[in-house]
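J.: Chains as they are written, first to last, in the working numbering: chain D, 1 to 335; chain X, 336 to 670; chain B, 671 to 1005.
Where is the CB? At the ideal position from N, CA and C, for every residue including glycine.
All of these numbers come straight from a predicted model, not from anything done at the bench.
What follows is a single structure, and I will ask about it in a moment.
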Amino acid sequence: MSQQVDHASKTSSDVVPLRGRSVVTLDDIPMTQILDLLDRAAYIDTHRRQVAHTCDGRVLATLFYEPSTRTRLSFETAMLRLGGQVIGFAGAQLASVSKGESISDTLKTVSNYADIVAIRHPKEGAALVASQAATVPVINAGDGGHMHPTQTLTDLATIRARKGRLNHLTIGLCGDLTFGRTVHSLITTLCRLGHVDFVLISPDELRTPEYVLERIRSSADCTYRETGDLNGVIGDLDVLYMTRVQQERFFNEDDYLRLRDTYILDADKLRAARPDMAILHPLPRVNEIAVEVDHDPRAAYFQQVRNGMLVRMALESALLGDELPGYREQKEVAA
Amino acid sequence: MSQQVDHASKTSSDVVPLRGRSVVTLDDIPMTQILDLLDRAAYIDTHRRQVAHTCDGRVLATLFYEPSTRTRLSFETAMLRLGGQVIGFAGAQLASVSKGESISDTLKTVSNYADIVAIRHPKEGAALVASQAATVPVINAGDGGHMHPTQTLTDLATIRARKGRLNHLTIGLCGDLTFGRTVHSLITTLCRLGHVDFVLISPDELRTPEYVLERIRSSADCTYRETGDLNGVIGDLDVLYMTRVQQERFFNEDDYLRLRDTYILDADKLRAARPDMAILHPLPRVNEIAVEVDHDPRAAYFQQVRNGMLVRMALESALLGDELPGYREQKEVAA
Amino acid sequence: MSQQVDHASKTSSDVVPLRGRSVVTLDDIPMTQILDLLDRAAYIDTHRRQVAHTCDGRVLATLFYEPSTRTRLSFETAMLRLGGQVIGFAGAQLASVSKGESISDTLKTVSNYADIVAIRHPKEGAALVASQAATVPVINAGDGGHMHPTQTLTDLATIRARKGRLNHLTIGLCGDLTFGRTVHSLITTLCRLGHVDFVLISPDELRTPEYVLERIRSSADCTYRETGDLNGVIGDLDVLYMTRVQQERFFNEDDYLRLRDTYILDADKLRAARPDMAILHPLPRVNEIAVEVDHDPRAAYFQQVRNGMLVRMALESALLGDELPGYREQKEVAA
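Listed below in structure tokens is the structure:
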């Protein structure tokens, strides 16, 4: 409240590199900017009151062509915590939007209402189409495979918060490594930094695709090994990223039941893990992490939820070109 | 706007007794605090502008696992009128939340977004589970029988606004007294104050359960009488609390039609009532109060809607520990 | 934020003529007030920051008994851009509202929460009923035929923005002129100003109803001619208002396919049009304007979306009696 934000000044000389652009994938964002977004998220976390009016007068539109309440609430809270406002629709409400109108027309329309858009759509490529039609920044909140850049930013922020760094780490990824696009995106982004040892833990039926393995092989000082045995490797890990093993991926129920238990993390399995290993999970979980693990200090998946909101605050303000009060000064002092 | 609220100071030394706790039922809230909430609601009503920034920077999450638009809008308006913001979902949007995720996990997640939660759920006990998992205050907005503490606070606020007191009154309750949990909660709470004469007006099929009658018998100076004849007792009442008689409660339609009209309040029946009797109804009504009654000065049910918003403003700010500007000073002067 | 709005003062002496009333149709709003609303919309467009707190502390309720996302988002954004807040429901969420409760009761309830209401309902006449029950201003956002006053204000604002005036113009209306109530409302309102030459372009099956033609005949210096040939008249037009030709209006598919192409506007047809003709469309479009036309400077339909938000800002603030800072002074200087 005491912070008087001047929109005219903040959109003129203070050029933020990401300002005005859309983010459909992290692949075309320079690594220095990705790391800067993580710095911003960490700064926001410790300067909640200072940043509470960063986006005063802004409006975010959440266009969710399929429901994803968790992701929608995270985007919306992020904007509200920055002082902005929210409009939008989710799933069942969209009848009149989808009725014969193209995504492009909807985005051209919404560009007249909102300053920034988060879009989720069941069809792969929809976010790119949306970003090309819109005259305001668009953030991909999941299309098709439901991979989306803010999930990967969330994962990176959580690893760095727990381990103090993003490489020179042994990172285990466990569960469905074939269809889990969240995992592919995380691996790909970490490979850009290099110096990561991946341990890929899955049943034979759900191994990592060749294009991801090739990405690791071609990266500076990255290695991987594949295994089906979580118990055998858990003691080597700095980070364990759990994913859900969906029954529908298996040909028969016997295989599913046999394998499922192998990939459930519980207190018993955790006894062999390092005392400072970080456990991540993109949530929602079904039963792949036992509830008893929630109270283990290594559990980082609810902290991950919090980081999800923080990286979205960082990204939304950066794309809008609304500078976080005090951030630049603090960074200059640190440098 | 001119009121600059300092969050750091208001969450430190100014200890509000209810601060930080959840409210699943009124039964474990001391009567002094219930009365203080009613005082706060009355204060808010006459100090709208002074309290308009009490919850600046706060976020309420409304998690409505079944639709109840009336209740949801009341909770949301309450937070907006205090300067806060709202996120949430309602009914049809919740697919992705309910998909395999436990209420506990959802509440742990939402605790990272919001400062306070209002939850409505079709299963009895859901609000208690939610309050145990959340790390922020949770308000029960109805679970199972749809009894919820803010409805009872609303009823109490309306009785006090109309009659100037909550006991030394003859209070009639009319209609479905078997399944109407709103009525049970109101009786139970009034019994804690004592000195109330209840007149329980219902068909034989819908009489008050024994546990409620026992509650009245064991209370200081409370009495009750049961009757099926509204006309015969309406002249004795200070307050008449109407409820809906649902057709599905009856074995056959003949019984329903025969009884229904007996429990419809209209101008004709009101001729026998006192000129200052207050007519309450939890709404929505179907036909149990004729529309002609709306213009009678004794009708208090739309004032009740207004009181519903005011008590939610009182409760939300109290649980957040956000002190209403000027309230304490006024109370000290009054004492 | 720097703008301190004083609610007490702005609701006392500064009497705005429209303050406190409901708008179900434009027919009973004096033309001077309609023109003043257009002036206000234009003022808002060039004074975004000055008006950003005009409605601080206000709450708009959007009661959409059927989904119309485009219209809902426009009303909501308008209130948010004025500093107010929004509550409401849309389509699927309304179960509990509609469950046996009359529109009148819902409006009496919501009048306790909100300062102004926008209602959309599938039944003709619902908005009038709502306005009679509510104790706050109600805006008709479409009932029955989906004609609504803010659509016509939007069209007028766009014509005036493009042509500098609302009469002494040749205005073509093309497509479904029988069922397109948007078109009827626009013609009727323009006839109140007089001096408009209408060119009514439609297939024989979809000609303008007699009551609309009679309205034109009885207006001062208005003329019309009917034609089925867009190509033959496009060169004469100052404004071309396109509408959708819906397949279900035709007896057989052959007729539909034969006629449809005649009424699709594309770059080829536009070659014969004047260089400063304005192309309007109420949106959403299906295929009646080719996407290639979007980049033509004559295309005004996305500017129309923007004007829709601006006229809603003008109308909401006027009905609330919240004066736009600086507007009156500017108008006095101009006069």
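Let me see if you follow: with CB-CB separation under 9 Å, is Val346 (chain D) close to chain B or not?
T.: Here chain D covers residues 1 to 335 and nothing more, so residue 346 (chain D) does not appear.
J.: Does the beta carbon of Arg955 (chain B) sit closer than 9 Å to a beta carbon anywhere in chain D?
T.: Translated into the one-based positions of the third sequence, residue 955 (chain B) becomes position 285. Judged by the 9 Å Cβ criterion, Arg955 (chain B) is in contact with chain D.
J.: How many Å lie between Pro149 (chain D) and Tyr224 (chain D) at the Cα?
T.: As a working note, residue 149 (chain D) is residue 149 in the first sequence. As a working note, residue 224 (chain D) is residue 224 in the first sequence. Those two C-alpha atoms are separated by around 23 Å.
J.: Output yes or no for whether 9 Å exceeds the beta carbon distance between Leu870 (chain B) and Leu839 (chain B).
T.: Along the third sequence, read from residue 1 onward, the residue named residue 870 (chain B) stands at position 200. Along the third sequence, read from residue 1 onward, the residue named residue 839 (chain B) stands at position 169. The answer is no: Cβ separation not under 9 Å.
J.: Determine whether the Cβ of Glu76 (chain D) lies closer than 9 Å to any Cβ atom of chain B.
T.: Mapped onto the first sequence, residue 76 (chain D) falls at position 76. It does not: the Cβ of Glu76 (chain D) has no partner Cβ on chain B nearer than 9 Å.
J.: Within its chain, find whatever has a CB closer than 6 Å to the CB of Ala625 (chain X); leave out the 5 residues flanking it on each side and keep chain order.
T.: If you number the second sequence from 1, residue 625 (chain X) lands on position 290. Hits under 6 Å: Asp601.
J.: Taking only beta-carbon atoms, is Ser466 (chain X) less than 9 Å away from chain D?
T.: Taking the second sequence and counting its residues from 1, one reaches residue 466 (chain X) at position 131. Answer no: the Cβ-Cβ gap between Ser466 (chain X) and chain D never drops below 9 Å.
J.: Might you give, ordered along the chain, the residues of its own chain that have their beta carbon closer than 6 Å to the beta carbon of Gly180 (chain D), omitting 5 neighbours on each side?
T.: The count along the first sequence starts at 1 and reaches residue 180 (chain D) at position 180. Closer than 6 Å at the Cβ level, and outside the excluded window around Gly180 (chain D), lie Thr243.
J.: Does the separation of the CB atoms of Leu856 (chain B) and Tyr911 (chain B) fall below 9 Å?
T.: As a first step, residue 856 (chain B) is located in the third sequence; it is residue number 186 there, counting from the start. As a first step, residue 911 (chain B) is located in the third sequence; it is residue number 241 there, counting from the start. The answer is yes: Cβ separation under 9 Å.
J.: Which partner residues does Ala969 (chain B) have in the DSSP bridge list?
T.: Indexing the third sequence from 1 puts residue 969 (chain B) at position 299. According to DSSP, which records beta bridges pairwise, Ala969 (chain B) is partnered with B:Ile949.
J.: Only counting the same chain, and skipping five residues up and downstream in sequence, which positions put a Cβ closer than 7 Å to that of Leu35 (chain D)?
T.: The sequence position of residue 35 (chain D) within the first sequence is 35, counting from 1. Result list for Leu35 (chain D): empty, nothing under 7 Å.
J.: Give a yes or no on whether the C-beta atoms belonging to Val311 (chain D) and Leu37 (chain D) are separated by under 9 Å.
T.: If you number the first sequence from 1, residue 311 (chain D) lands on position 311. If you number the first sequence from 1, residue 37 (chain D) lands on position 37. In contact: Val311 (chain D) and Leu37 (chain D) (Cβ atoms closer than 9 Å).
J.: What distance in whole Å lies between the Cβ atoms of Phe64 (chain D) and Gly88 (chain D), which are believed to be in contact at a cut-off of 8 Å?
T.: Position 88 of the first sequence, counted from the first residue, corresponds to residue 88 (chain D). Position 64 of the first sequence, counted from the first residue, corresponds to residue 64 (chain D). Their Cβ separation, rounded to whole angstroms, is 7 Å, which keeps Gly88 (chain D) and Phe64 (chain D) in contact under 8 Å.
J.: So the beta strand (DSSP E) Asn475 (chain X) belongs to, where does it begin and stop?
T.: Numbered from 1 along the second sequence, position 140 holds the residue referred to as residue 475 (chain X). Val473 to Asp478 is the extent of the beta strand (DSSP E) around Asn475 (chain X).
J.: With DSSP as the reference, identify every bridge partner of Gln755 (chain B), one or two as the case may be.
T.: In the third sequence, residue 755 (chain B) corresponds to position 85, counting from 1. DSSP output for Gln755 (chain B) lists B:Val729 as bridge partner(s).
J.: Going by DSSP in three states, Cys222 (chain D) sits in which element: helix, strand or coil?
T.: Start at 1 with the first residue of the first sequence, and residue 222 (chain D) comes out as number 222. Cys222 (chain D): coil per DSSP, three-state reduction.
J.: Under 9 Å, do Glu459 (chain X) and Asp490 (chain X) count as touching if we go by C-beta distance?
T.: Reading the second sequence from its first residue, position 124 is the one you call residue 459 (chain X). Reading the second sequence from its first residue, position 155 is the one you call residue 490 (chain X). No; because the gap between Cβ atoms is not below 9 Å, this pair is not in contact.
J.: Tell me the start and end of each unbroken alpha helix (DSSP H) in the region 523–548 of chain X that is at least 4 residues and wholly inside, in chain order.
T.: For the region 523–548 of chain X, not a single whole alpha helix (DSSP H) run of length 4 or above is found.
J.: Compute the Euclidean distance between the alpha carbons of Asp698 (chain B) and Cys861 (chain B), then round it to the nearest angstrom.
T.: Mapped onto the third sequence, residue 698 (chain B) falls at position 28. Mapped onto the third sequence, residue 861 (chain B) falls at position 191. If I take the Cα positions, the gap works out to 14 Å.
J.: List, in order along the chain, the chain D residues whose C-beta lies closer than 9 Å to that of Met979 (chain B)?
T.: Translated into the one-based positions of the third sequence, residue 979 (chain B) becomes position 309. Asn112 and Tyr113, listed in chain order.
J.: So the candidates are B:Phe972, B:Ser987 and B:Pro873; which of them puts its Cα closest to the Cα of Gly845 (chain B)?
T.: In the third sequence, counting from the first residue as 1, residue 845 (chain B) sits at position 175. Comparing Cα positions, the closest option is B:Pro873.
J.: Using the three-state DSSP reduction, which class does Tyr241 (chain D) fall into: helix, strand or coil?
T.: As a first step, residue 241 (chain D) must be located in the first sequence, where it is residue number 241. It is a strand residue.
J.: So Val386 (chain X) contacts chain D; which residues on that side make the cut at Cβ distance below 7 Å?
T.: Here the question's residue 386 (chain X) lines up with position 51 in the second sequence. Here the premise fails: no neighbours, minimum Cβ distance about 15 Å.
J.: Only counting the same chain, and skipping five residues up and downstream in sequence, which positions put a Cβ closer than 7 Å to that of Ser104 (chain D)?
T.: Start at 1 with the first residue of the first sequence, and residue 104 (chain D) comes out as number 104. Correct list, in chain order: Val129 and Ala133.
J.: Is the number of C-beta pairs between the region 641–656 of chain X and the region 386–403 of chain X that are closer than 8 Å three or more?
T.: Yes: at least three Cβ pairs fall under 8 Å.
J.: Using the C-alpha atoms, what's the distance from Gly426 (chain X) back to Pro402 (chain X)?
T.: In the second sequence, counting from the first residue as 1, residue 402 (chain X) sits at position 67. In the second sequence, counting from the first residue as 1, residue 426 (chain X) sits at position 91. Using only the alpha carbons, I get a separation of about 5 Å.
J.: Run through the DSSP bridge pairs and tell me what Arg790 (chain B) is partnered with.
T.: In the third sequence, the residue the question calls residue 790 (chain B) occupies position 120. The partner list for Arg790 (chain B) (beta bridge, DSSP) reads B:Phe734.
J.: Name the chain D residues whose beta carbon is nearer than 7 Å to that of Glu436 (chain X)?
T.: As a first step, residue 436 (chain X) must be located in the second sequence, where it is residue number 101. Those within 7 Å of Glu436 (chain X) in chain D are Pro284.
J.: Between the region 579–598 of chain X and chain B, which residues of the former have a C-beta closer than 8 Å to a C-beta of the latter?
T.: Answer set for the region 579–598 of chain X: empty.
J.: Here's the rule I'm using: 16 or more other beta-carbon atoms within 10 Å means buried, otherwise exposed. How should Leu366 (chain X) be labelled?
T.: For the purposes of this step, residue 366 (chain X) is taken as the residue at position 31 of the second sequence. In the sequence under discussion, the amino acid at residue 366 (chain X) is Met, which differs from the Leu named in the question. Flag for Met366 (chain X) reads exposed.
J.: I need the straight-line Cα distance from Asn901 (chain B) to Ala942 (chain B), nearest angstrom please.
T.: Stepping through the third sequence from its first residue, residue 901 (chain B) is reached at position 231. Stepping through the third sequence from its first residue, residue 942 (chain B) is reached at position 272. Looking at the two C-alpha atoms, the distance is approximately 8 Å.
J.: Under 9 Å, Cβ to Cβ, is there at least one residue of chain B near Arg441 (chain X)?
T.: Mapped onto the second sequence, residue 441 (chain X) falls at position 106. A small fix is needed here, since residue 441 (chain X) is Thr in this sequence, not Arg. Not closer than 9 Å to any Cβ of chain B, the Cβ of Thr441 (chain X) fails to qualify, so no.
J.: Can you give me the Cβ contacts of Gln673 (chain B) inside the same chain, cut-off strictly under 6 Å, excluding the 5 residues immediately before and after it?
T.: Your numbering for residue 673 (chain B) matches position 3 in the third sequence. Note that Gln673 (chain B) scores 40 on pLDDT, short of 50, meaning its location in the model is unreliable; the coordinates nonetheless yield the value given after this. Counting only Cβ-Cβ distances below 6 Å, and skipping sequence neighbours, we find His723.
J.: Report the option in X:Ala476, X:Arg593, X:Gly480 and X:Tyr662 whose CA atom is closest to the CA atom of Leu408 (chain X).
T.: The residue labelled residue 408 (chain X) in the question sits at position 73 within the second sequence. Per the Cα distances, X:Ala476.
J.: Identify every residue that forms a DSSP beta bridge with Ala425 (chain X).
T.: For this step, residue 425 (chain X) is matched to residue 90 along the second sequence. Bridge partners of Ala425 (chain X): X:Phe399.
J.: Looking only at DSSP bridge pairs, what is Ile171 (chain D) linked to?
T.: Indexing the first sequence from 1 puts residue 171 (chain D) at position 171. Ile171 (chain D) pairs with D:Phe198 and D:Val239.
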